[in-house]
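Okay, structure first, notes after.
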Amino acid sequence: REKRLTLPPSEITLL
Amino acid sequence: PGLLEPTSCLIRVAKSAATLGIAIEGGANTRQPLPRIVTIQRGGSAHNSGKLKVGHVILEVNGTTMRGKEHREAARIIAEAFKMTDKDHVDFLVTEFN
Chain A
32 REKRLTLPPS EITLL
Chain B
32 PGLLEPTSCL IRVAKSAATL GIAIEGGANT RQPLPRIVTI QRGGSAHNSG KLKVGHVILE
92 VNGTTMRGKE HREAARIIAE AFKMTDKDHV DFLVTEFN
């Protein structure tokens, strides 16, 4: 099982 | 370098506009562990430099690693690098590979 499948998506920040 | 070693590239962005003009996603403890550029705004410094691209993964900013940095911390480091008045540019070490 791939670990990244359990990780949440990220928010997006405008810089 | 081995075939599996990602190629990285140092890109210097001059502070040519009032904003940097990039949107990033990702950071430690997310599906995208290093910040990745998802948007480049027309008229921003990044767009003017012509070298940063959507899809670039940011490895370092002015020599500071993005590895292990959560999203907000990575965003803060990039924002501060742009605000710092002692430099007229920001150096990004990027790779096109995830």
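Taken in sequence, the protein lines are chains A and B. Numbering-wise, the first sequence is residues 32 to 46 according to the numbering used here. Numbering-wise, the second sequence is residues 32 to 129 according to the numbering used here. C-beta atoms are modelled at their ideal positions from N, C-alpha and C, and glycine is treated no differently.
Item                                                                                                                   : Value
9 Å Cβ cutoff, I42/B in contact with chain A                                                                           : no
Beta-bridge partners of H120/B, as assigned by DSSP                                                                    : A45/B
Ranges of the alpha helix (DSSP H) found wholly within the segment 50-121 of chain B, counting only runs of at least 4 : 76-80 and 102-114
is_contact[N93/B, chain A] using C-beta, thresh 9 Å                                                                    : no
C-alpha gap between T96/B and D122/B, whole angstroms                                                                  : 12 Å
Where the segment 57-87 of chain B meets chain A: residues whose CB sits under 7 Å from a CB there                     : G57, G58, N60, T61, R62, Q63 and V69
Secondary structure of T38/B, DSSP reduced to three states                                                             : coil
Span of the beta strand (DSSP E), counted from its first residue to its last, around T44/A                             : I43 to L45
Contact list for F113/B against chain A, beta-carbon separation under 8 Å                                              : L46
Min CB distance H120/B to chain A below 9 Å                                                                            : no
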